[in-house]
Amino acid sequence: MTRGKPNAATRYEVVERMDACGLALLSLRPETGRTHQLRVQAAAHGLPIAGDERYGDFAANRFLAAEIGLKRMFLHAFRISLRHPRTGHVLRLHAPMTSRLSMPIEKARSLLVPVPRRSR
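Heads up: the sequence shown begins at 1384 in my numbering, then just goes up one per residue.
Structure follows, in structure tokens:
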């Protein structure tokens, strides 16, 4: 008997809303480890990750590149926990956000026009 892959599950929390431009900063916590899980699920819910060239909103990405200098996908693993493969100890790693993402956030907060979206 072959088993199918389990459905992908992700928990999320809205960290900050930028209502004037229609953006939001989210905290995403994958419960399963499927390929492109966060990107696929976000896009499926109409909330594509900014800068995502595969599953994203290309009109929004062009606008964000021009207006706030976002030149990459806005996805950052700031905290991750995993078991060491040999010892079994839990490793907890933390990585502060770099200026390549914090600078575009600051600029996005000052946007007063909605980010253009592709028509569905």
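Cβ coordinates follow ideal geometry from the N, Cα and C atoms, glycine included.
Per DSSP, cross-strand counterpart(s) of residue i
i	result
Tyr-1358	Coverage of the chain is limited to positions 1384 through 1503, which leaves residue 1358 absent and any answer about it impossible.
Collapsed DSSP secondary structure at residue i in the structure displayed
i	result
Met-1401	strand
Arg-1483	helix
Arg-1492	helix
Val-1498	coil
Arg-1469	coil
Nonlocal neighbours in the same chain, by C-beta distance under 8 Å from residue i, ignoring five residues either side
i	result
Arg-1501	Asp-1440, Phe-1441, Ala-1442 and Ala-1443
His-1472	Arg-1466
Leu-1494	Met-1401, Ala-1403, Cys-1404, Leu-1406, Glu-1450 and Ile-1451
Residue i classed as buried or exposed, judged by whether at least 16 other C-beta atoms fall within 10 angstroms
i	result
Val-1496	exposed
Phe-1461	exposed
Met-1384	Its pLDDT being 44, under 50, Met-1384 is placed unreliably by the model, and nothing is read from it.
Ala-1478	exposed
Ala-1427	exposed
Ile-1463	exposed
Val-1498	buried
Gly-1434	buried
Leu-1447	buried
Leu-1474	exposed
Pro-1431	buried
Close Cβ partners of residue i (< 7 Å) along its chain, the five nearest in sequence each way excluded
i	result
Thr-1393	Leu-1411, Arg-1412, Pro-1413, Glu-1414, Gln-1420, Leu-1421 and Gln-1424
Beta-carbon contacts of residue i that lie in its chain and below 6 Å, excluding the five residues immediately before and after
i	result
Leu-1408	Val-1398 and Glu-1399
Leu-1476	Ile-1463
Contact with chain B by residue i, beta-carbon distance below 9 Å
i	result
Leu-1458	Chain labels in this structure do not include chain B; a single protein chain is all it has.
(request) Scan the segment 1418 to 1466 and note each continuous alpha helix (DSSP H) run of 4 residues or more that stays entirely inside, going in chain order. (result) 1420 to 1427 and 1441 to 1451
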